[in-house]
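Inspection log for the structure reproduced underneath, given as structure tokens.
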Amino acid sequence: MSKKKLDIIWSEGAIYNMGFEAGIKSWKKFLKPGGYLSVSEITWLTDKRPEEIEKYWNNKYLEIDTASNKFKVLEKNGFTPAGYFYLPQSSWLDNYYNPIEDRFENFLKRHNHSKTAEKIVENEKKEIQIYRKYKEYLSYGFYIAKKVEN
Numbered sequence: 059m060s061k062k063k064l065d066i067i068w069s070e071g072a073i074y075n076m077g078f079e080a081g082i083k084s085w086k087k088f089l090k091p092g093g094y095l096s097v098s099e100i101t102w103l104t105d106k107r108p109e110e111i112e113k114y115w116n117n118k119y120l121e122i123d124t125a126s127n128k129f130k131v132l133e134k135n136g137f138t139p140a141g142y143f144y145l146p147q148s149s150w151l152d153n154y155y156n157p158i159e160d161r162f163e164n165f166l167k168r169h170n171h172s173k174t175a176e177k178i179v180e181n182e183k184k185e186i187q188i189y190r191k192y193k194e195y196l197s198y199g200f201y202i203a204k205k206v207e208n
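Just so you know, the sequence shown maps onto residues 59 to 208 in the working numbering.
This is the structure:
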């Protein structure tokens, strides 16, 4: 595929693996001028948070930030904000964490309760517990930005 051919890049829950800014910089070259980047990204919903959640997520993902700072990153990298919303708590609980919890026991059985499997479950339980306790402080933000025409 040659560069600058795509009208849109749509990524839900994946830019996290590259890092927000690295993903934006990497994918920009594949968009036509005026093309759109649509990504979801873990996002603080408030400027101030309890120390426990701040520490937890900063240890897991250094690029977690507020939407206003994410848009600054987009603008710095040649994009104009076109839209934003954050996912409701039901997306995290009903569509993500509850189904994961429902599978813990089968996962452990399939892996003979190995230390590795138990550690994975323990880490997931911790994240779920932290989310339930502090769910008003973070979500996935969905960002839509237009590539500035050059």
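The beta carbon of each residue, even a glycine, is placed where N, CA and C say it ideally should be.
Supposed close pair Ala203, Ala125 - CB separation, criterion 8 Å: Ala203 to Ala125, Cβ: 12 Å. No contact.
Beta carbon of Phe200 nearer than 8 Å to that of Ser98: Contact: yes.
Where Thr101 falls, given that 16 or more other Cβ within 10 Å makes a residue buried: Counting of Cβ neighbours within 10 angstroms places Thr101 among the buried residues, the total reaching 16 or more.
Candidates Ile66, Lys167, Tyr74: closest to Pro91 by CA position: Of the listed residues, the one whose Cα sits closest to Pro91 is Ile66.
Bridge partner(s) assigned by DSSP for Gly100: Here residue 100 is Ile; the residue named in the question, Gly, does not match the sequence. According to DSSP, Ile100 shares a beta bridge with Tyr198.
Within the stretch 67-138, ranges of the beta strand (DSSP E) (whole runs, at least 3 residues): DSSP runs (the beta strand (DSSP E)) wholly in the stretch 67-138: 89-102.
Other residues of its chain near Met59: CB distance less than 8 Å, five sequence neighbours each side excluded: In this predicted model, Met59 has a pLDDT of only 48, less than 50, meaning its place in the structure is not dependable; the value taken from the coordinates is given anyway. Counting only Cβ-Cβ distances below 8 Å, and skipping sequence neighbours, we find Phe88.
Contacting residues, own chain, Cβ-Cβ under 6 Å from Lys177 (five flanking each side not counted): The answer is none, since no qualifying residue turns up.
Member of Glu194, Asn170, Trp115, Tyr74 whose CA lies at the smallest distance from the CA of Pro146: Checking every option, the nearest Cα to that of Pro146 belongs to Glu194.
Separation of Ile158 from Trp150, as counted between CA atoms: Each residue's Cα considered, the two are about 11 Å apart.
Alpha carbon of Phe78 to alpha carbon of Lys134, nearest angstrom: Their Cα atoms are separated by approximately 12 Å.
DSSP state of Leu145 mapped onto helix, strand, coil: Leu145: coil per DSSP, three-state reduction.
Simplified DSSP state of Lys205, which is helix, strand or coil: When secondary structure is reduced to three states using DSSP, Lys205 falls in the strand class.
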